[in-house]
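Asker: For the sequence shown, UniProt numbering begins at 1 and goes up steadily by one.
Here it is: the structure, laid out below.
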Amino acid sequence: STARTDDSACHPTVSSAKSGTPTLFERLGRPRHVMAPMVHGSELPFRMLCRRYGCQLCYTPMWNAALVRDDPEYAAFVIKDASCPDDRPLIMQFQASSGKDLLAAAEIVAPYVDAVDLNLGCPQTCAQKGGYGASLMDNLPKVARIVKTAAKKSPVPITAKIRVFRDDEQATVAYARLLEQAGAQMLTVHGRGREDREAHQLANWDLIRAVKRAVRIPVLANGNILYYPDIPRCLKHTGCDGVMVANALLWDPRLFTNPALPLVTGHLFDMCAPADALGVALAKEYLECVRQHPTEYLYVLHHIKRLLYNCAHYHPEMIVRLLQLQVNIVGDQSAPTSQTLIQKLEPLLDTLESQVKDSPVPGRKKDPNRKMLGWLAQPRQLSEDMVRFKATRWVEPKVHEDVIALLQRRAATIAEAIRQQKAPRADACNAEQPPSAAPPAPAGALEQEEAVAAETCEAVSEVPGEGPGPQTVSNGAV
Numbered sequence: 001s002t003a004r005t006d007d008s009a010c011h012p013t014v015s016s017a018k019s020g021t022p023t024l025f026e027r028l029g030r031p032r033h034v035m036a037p038m039v040h041g042s043e044l045p046f047r048m049l050c051r052r053y054g055c056q057l058c059y060t061p062m063w064n065a066a067l068v069r070d071d072p073e074y075a076a077f078v079i080k081d082a083s084c085p086d087d088r089p090l091i092m093q094f095q096a097s098s099g100k101d102l103l104a105a106a107e108i109v110a111p112y113v114d115a116v117d118l119n120l121g122c123p124q125t126c127a128q129k130g131g132y133g134a135s136l137m138d139n140l141p142k143v144a145r146i147v148k149t150a151a152k153k154s155p156v157p158i159t160a161k162i163r164v165f166r167d168d169e170q171a172t173v174a175y176a177r178l179l180e181q182a183g184a185q186m187l188t189v190h191g192r193g194r195e196d197r198e199a200h201q202l203a204n205w206d207l208i209r210a211v212k213r214a215v216r217i218p219v220l221a222n223g224n225i226l227y228y229p230d231i232p233r234c235l236k237h238t239g240c241d242g243v244m245v246a247n248a249l250l251w252d253p254r255l256f257t258n259p260a261l262p263l264v265t266g267h268l269f270d271m272c273a274p275a276d277a278l279g280v281a282l283a284k285e286y287l288e289c290v291r292q293h294p295t296e297y298l299y300v301l302h303h304i305k306r307l308l309y310n311c312a313h314y315h316p317e318m319i320v321r322l323l324q325l326q327v328n329i330v331g332d333q334s335a336p337t338s339q340t341l342i343q344k345l346e347p348l349l350d351t352l353e354s355q356v357k358d359s360p361v362p363g364r365k366k367d368p369n370r371k372m373l374g375w376l377a378q379p380r381q382l383s384e385d386m387v388r389f390k391a392t393r394w395v396e397p398k399v400h401e402d403v404i405a406l407l408q409r410r411a412a413t414i415a416e417a418i419r420q421q422k423a424p425r426a427d428a429c430n431a432e433q434p435p436s437a438a439p440p441a442p443a444g445a446l447e448q449e450e451a452v453a454a455e456t457c458e459a460v461s462e463v464p465g466e467g468p469g470p471q472t473v474s475n476g477a478v
């Protein structure tokens, strides 16, 4: 059964609300528009950019609770990312496999955040090996102990982000109730299962709705938000208190703004300004934020490549120049910084800006509210298209042939150059292997950068052809 329970003893937040004490959600300002925790994605300068455009609550990247407790250098890096007084409300997310680790980390970062979130959704191999994230779905009593131990003494509220048990409403609801009873004061429900490592599968809003109906703490819905009109659709369907968005913000930091403004998610476009010119403008604005709030250069490269994703496919020489710049920086032994990277990126952006003014991006009208660019490598269509094609994965339109060969050849060349670099690998994903140098890099930073180039080759070769229509549909689960 998914009916609510009226037992207030199981709902500490309800009791506090009745006593007149504001709940966590009220202290956060009742946010509807929330940035998800993203490795390589939700660092300080990008959070500040998204706050300019309607983001009401941000999460930090996922950090390692044990390392925050045991490694002062790592802890200093984490605290620096959360030390901007204008960056509030803010929730810091941790990976943790014990309540003591989570509690210790919460005590250290409490002055800088409004709450601490336990990651229970990471499906990656490092999470399985480390005994955290979605791997804990196999041991729910342990999950309850972790949350209860931390919530009992933590100076800040404890929240949790979970994945659903795919196609199992009863198990998903029981999971959410367990977390509520253990002391979690807010839940984020990612509507995909742990088997769904990629974002190509549709998130199950029905399961999110079941959780919202079964618990009495605030619930944020996560999954299937590609552009602004998805937000009210999701809130209406799930009944949730807000929506959390991840990848779509990387393509368009303005996703949460008024729908009258042109919106770009990297795949779906409004009828207003050319998408590539807008991407350049957002990239420049992001660099302004980096100037004010310096961060790791790999984070900056990650964001610039996402923001210029559209430009790179219409101007393939741009992605090559970015990758060449990346190779030079990775091989630089003089400890590159985000500020030196900005100095090298600005001339590229100025050049690209002049190019896009002379060659606006073409687009296909899909409806009065947005455009779809059919030549993008892996655009995701709307969920109503999924129903029409009876598919369980996103439909991938075709790619124009005129850019495939050049992009594939050059990306392969750059990927090989990156693989030949002898820079040391950092692995901050594994608590048993703390980084030896500061600042700590996310897990497999260089390997992930290699994968970006490799994926570019694969993406442009997956669906060759011309025209914007859907080409392939997969009904198999990944």
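All residues carry an ideal CB built from backbone N, CA and C; glycine is no exception.
(1) Assuming GLN124 is part of the alpha helix (DSSP H), what are its boundary residues?
(2) Go ahead and pull the three-state DSSP assignment for ALA82.
(3) Count the C-beta pairs between the stretch 37–52 and the stretch 69–76 that are closer than 8 Å, then say yes if the count reaches three, no if not.
(4) Whole-angstrom Cβ separation of TRP87 and MET35, contact assumed at under 8 Å?
(5) Give the C-beta separation of LEU349 and ALA283 to the nearest angstrom, bearing in mind that I take them to be a contact with Cβ-Cβ under 8 Å.
(6) Of the choices ILE304, VAL109, PRO123 and HIS33, whose alpha-carbon is the least far from that of ALA82?
(7) Under 8 Å: does the beta carbon of ALA36 sit that close to some heavy atom of the ligand GDP?
(8) Which residues in the same chain as GLN93 place their Cβ atom closer than 8 Å to its Cβ, once the five residues preceding and following it in sequence are excluded?
(9) Please state whether the Cβ-Cβ distance between SER135 and ARG194 is less than 9 Å.
(10) Where does ASN247 fall in DSSP's three states?
(11) Which residues does DSSP pair with LEU187 in a beta bridge?
(12) Can you give me the C-alpha to C-alpha distance between CYS240 and LEU187, rounded to a whole angstrom?
(13) Is it true that the stretch 99–113 meets the stretch 170–189, where meeting means three or more beta-carbon pairs spaced less than 8 Å apart?
(14) Note down, in chain order, each residue of its chain lying with its Cβ closer than 8 Å to the Cβ of THR337, except the 5 sequence neighbours on either side.
(15) For TRP251, which of LEU307, ARG52, PRO89 and ARG69 has the nearest alpha-carbon?
(16) Go ahead and pull the three-state DSSP assignment for GLN56.
(17) Let's test the definition: count the other Cβ atoms within 10 Å of the Cβ of GLU180 and tell me whether it reaches 16, buried, or not, exposed.
(18) Mapping DSSP to helix, strand and coil, what is GLY41?
(19) Quick one: residues in its chain with C-beta nearer than 6 Å to the C-beta of ALA246, no 5 flanking neighbours on either side, listed in chain order?
(20) According to DSSP, is ILE225 part of a helix, a strand, or is it coil?
(21) For the beta strand (DSSP E) containing HIS302, list its first residue and its last residue.
(22) Looking at the secondary structure, which residues open and close the alpha helix (DSSP H) in which VAL211 lies?
(23) If you draw a straight line from the C-alpha of ALA182 to the C-alpha of PHE46, how long is it?
(24) On the three-state DSSP scale, how would you describe GLY130?
(25) Is the CB-CB distance between GLY242 and LEU220 below 9 Å?
(26) Which one or two residues does DSSP pair with ALA115 in a beta bridge?
(27) Whole angstroms is fine: what's the gap from LEU255's alpha carbon to GLN185's?
(28) So if DSSP puts MET62 in a beta bridge, which residue, or which two residues, is it bridged to?
(29) Where does GLY20 fall in DSSP's three states?
(30) Excluding the five sequence neighbours on either side, which residues of its own chain have a C-beta within less than 7 Å of the C-beta of GLY121, listed in chain order?
(31) Can you name the start and end residues of the beta strand (DSSP E) that HIS293 belongs to?
(32) Decide if LYS153 is buried, meaning its Cβ has at least 16 other Cβ atoms within 10 Å, or exposed.
(33) So what does DSSP say about GLY29, is it helix, strand or coil?
(34) Just how far apart, CA to CA, sit ILE231 and ILE225?
Answerer: On the basis of the supplied data:
(1) GLN124 -> no alpha helix (DSSP H), and no H or E assigned at all.
(2) Here ALA82 sits in coil by DSSP.
(3) No, they do not touch.
(4) The sequence given here places Asp at residue 87; Trp does not occur at that position. Going by Cβ atoms, the distance from ASP87 to MET35 rounds to 11 Å, so no, they are not a contact pair.
(5) With 8 Å as the limit, LEU349 and ALA283 qualify as a contact, their Cβ atoms being about 6 Å apart.
(6) Shortest Cα-Cα distance from ALA82 to any of ILE304, VAL109, PRO123 and HIS33 involves VAL109.
(7) Although the ligand GDP was asked about, the structure shown includes no ligands whatsoever.
(8) Beyond the five residues adjoining it in sequence on each side, GLN93 comes within less than 8 Å, by CB distance, of PRO37, TYR59, THR60, PRO61, MET62, TRP63, VAL116, ASP117, LEU118, ASN119 and LYS161 in the same chain, given in chain order.
(9) Yes, the pair counts as a contact, with Cβ atoms nearer than the cut-off.
(10) ASN247 carries a helical assignment under DSSP once its states are collapsed to helix, strand and coil.
(11) Partner(s): ALA160 and VAL219.
(12) Roughly 10 Å separates the two Cα atoms.
(13) Result no; under three Cβ-Cβ pairs closer than 8 Å.
(14) Same-chain partners within the cutoff: PRO294 and TYR297.
(15) Per the C-alpha coordinates, the member of LEU307, ARG52, PRO89 and ARG69 positioned closest to TRP251 is LEU307.
(16) Coil, per DSSP.
(17) With 16 or more other Cβ atoms within 10 Å, it is buried.
(18) If DSSP states are grouped into helix, strand and coil, GLY41 belongs with coil.
(19) The beta carbon of ALA246 lies closer than 6 Å to those of ALA36 and MET38 in the same chain, with the five residues before and after it left out.
(20) In the structure shown, ILE225 sits in coil (DSSP, three-state: anything other than H, G, I, E or B).
(21) That residue, HIS302, is in no beta strand (DSSP E); its alpha helix (DSSP H) goes 297–307.
(22) Looking at the DSSP string, the run of the alpha helix (DSSP H) that includes VAL211 is 205–214.
(23) Going by the C-alpha atoms only, they are around 33 Å apart.
(24) DSSP places GLY130 in helix when its eight states are reduced to three.
(25) It is a contact, given that the beta carbons lie within the stated cut-off.
(26) In the DSSP output, where bridge partners are listed per residue, ALA115 has ILE91.
(27) Rounded to the nearest whole angstrom, the CA to CA distance from LEU255 to GLN185 is 27 Å.
(28) Partner(s): GLN93.
(29) Correct three-state label for GLY20: coil.
(30) The residues are GLY133, ALA134, LYS161, ILE162, ARG163 and HIS190.
(31) Where HIS293 is concerned, there is no enclosing beta strand (DSSP E), because DSSP gives it neither an H nor an E.
(32) Exposed: under 16 other Cβ atoms inside 10 Å.
(33) Note: GLY29 maps to coil in three-state DSSP.
(34) Taking the straight line joining both Cα atoms gives about 7 Å.
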